[in-house]
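Residue numbers (the numbering used here): 4 to 191.
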Amino acid sequence: MSRVLVCYGSSEGHTAMIARRIGDILADIGHDPLVISTKHPPPDIDLRRYDGVMVAASVHRGRHQQHTVSFVRRHVDRFNAIPSAFVSVSLTAAVDRHDSQHTADEYVQTFLTETGWEPTRTHIVGGALKYRQYGRLLGFIMRRLASSVGLSTDTSRDHEYTDWTALEAFTREFAGFIEQEPTSPSSG
Ligand SMILES: Cc1cc2nc3c(=O)[nH]c(=O)nc-3n(C[C@H](O)[C@H](O)[C@H](O)COP(=O)(O)O)c2cc1C
Numbered sequence: 004m005s006r007v008l009v010c011y012g013s014s015e016g017h018t019a020m021i022a023r024r025i026g027d028i029l030a031d032i033g034h035d036p037l038v039i040s041t042k043h044p045p046p047d048i049d050l051r052r053y054d055g056v057m058v059a060a061s062v063h064r065g066r067h068q069q070h071t072v073s074f075v076r077r078h079v080d081r082f083n084a085i086p087s088a089f090v091s092v093s094l095t096a097a098v099d100r101h102d103s104q105h106t107a108d109e110y111v112q113t114f115l116t117e118t119g120w121e122p123t124r125t126h127i128v129g130g131a132l133k134y135r136q137y138g139r140l141l142g143f144i145m146r147r148l149a150s151s152v153g154l155s156t157d158t159s160r161d162h163e164y165t166d167w168t169a170l171e172a173f174t175r176e177f178a179g180f181i182e183q184e185p186t187s188p189s190s191g
């Protein structure tokens, strides 16, 4: 059994749900996950207790949450010393076009450059359109953006573009990788 820290940055709640799902999958296969928000991380968190770490964060206006960037920077030595995975959530990732996939990859690269983190695995995941949460102006902007890339413009409900099967496969593969790695209790 490995102890895995699952950290997330989420503005409208979808990535929080993704992080909880990752935690559930890890627990199902016998690991011991702790899911935390990078906005309010436990002050006494000791990264040396964990054999692996997964970070999930969503993109807003081209960037992942600043508090997630700061959290990863703070712990980057430890993150680079143990098996680690980054899950980037964006609407761009949901668009099946070459230029969109390229942009989604660029979001990841920017995050990694900003933090100095070199995760063992990365995964891009389609996010959600939460029309019911947006105010009028943001709803209007998001609807136009969605229309331009072929996503739903039906503002009467929310829309989810997350491939949960792929996320589960990614999480399971990464969990298997942690098991194979010798633990390094004190580095970083
Ligand atoms: C104000 C706003 C700005 C966004 N900007 C981007 C963006 O620049 N690129 C992108 O791919 N998705 C963008 N999105 C889509 C979010 O990444 C997507 O809704 C995601 O599911 C949000 O996850 P969260 O609920 O965990 O914050 C934006 C969403 C909002 C509401």
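From the three backbone atoms N, C-alpha and C, an ideal C-beta is built for every residue, glycine too.
Subject >> Segments of 3+ residues assigned as beta strand (DSSP E) that fall wholly inside the stretch 16 to 62 >> reply: 35 to 40
**OP:** Using the DSSP secondary-structure output, state which residues sit across from Val9 in a beta bridge.
**Re:** Val38, Met57
**OP:** Go through the stretch 50 to 137 residue by residue and report every complete run of the beta strand (DSSP E) that reaches 3 residues or more, in order.
**Re:** 55 to 63, 87 to 93, 124 to 129
Subject >> Three or more C-beta pairs below 8 Å linking the stretch 137 to 146 and the stretch 102 to 122 >> reply: no
Original post:
Whose C-alpha, out of Glu117, His70, Ile85, Arg66, is nearest the C-alpha of Leu94?
Top reply: Arg66
Original post:
Would you say the stretch 73 to 91 touches the stretch 49 to 56, given that touching needs at least three Cβ pairs under 8 Å?
Top reply: yes
Original post:
Whole-angstrom Cβ separation of Ile127 and Val111, contact assumed at under 8 Å?
Top reply: 7 Å
Original post:
Is the beta carbon of Phe180 less than 7 Å from the beta carbon of Pro86?
Top reply: yes
Original post:
Can you tell me the Cα-Cα spacing of Ala107 and Ala96, whole angstroms?
Top reply: 5 Å
Original post:
Can you tell me where the alpha helix (DSSP H) with Glu184 in it begins and where it stops?
Top reply: Unbroken run through Glu184: none, as it is neither H nor E.
Original post:
Do Phe89 and Val62 come within 7 Å of each other at the CB atom, strictly closer than that value?
Top reply: no
**OP:** Ignore the nearest five residues each way along the sequence and tell me which others in Ile25's own chain have a CB closer than 8 Å to its CB.
**Re:** Val9, Pro36, Val38, Met57, Ala59, Val90, Leu170, Thr174
**OP:** Run the CB neighbour count on Asp54, radius 10 Å, all protein chains shown included, and call it buried at 16 or more, exposed below.
**Re:** buried
Subject >> Gly130: CB within 6 Å of a non-hydrogen atom of ligand 1 >> reply: yes
Original post:
Starting from Arg139 and walking both ways along the alpha helix (DSSP H), at which residues does that stretch end?
Top reply: 139 to 152
Subject >> Under 7 Å between C-beta atoms of Thr41 and Thr18 >> reply: no
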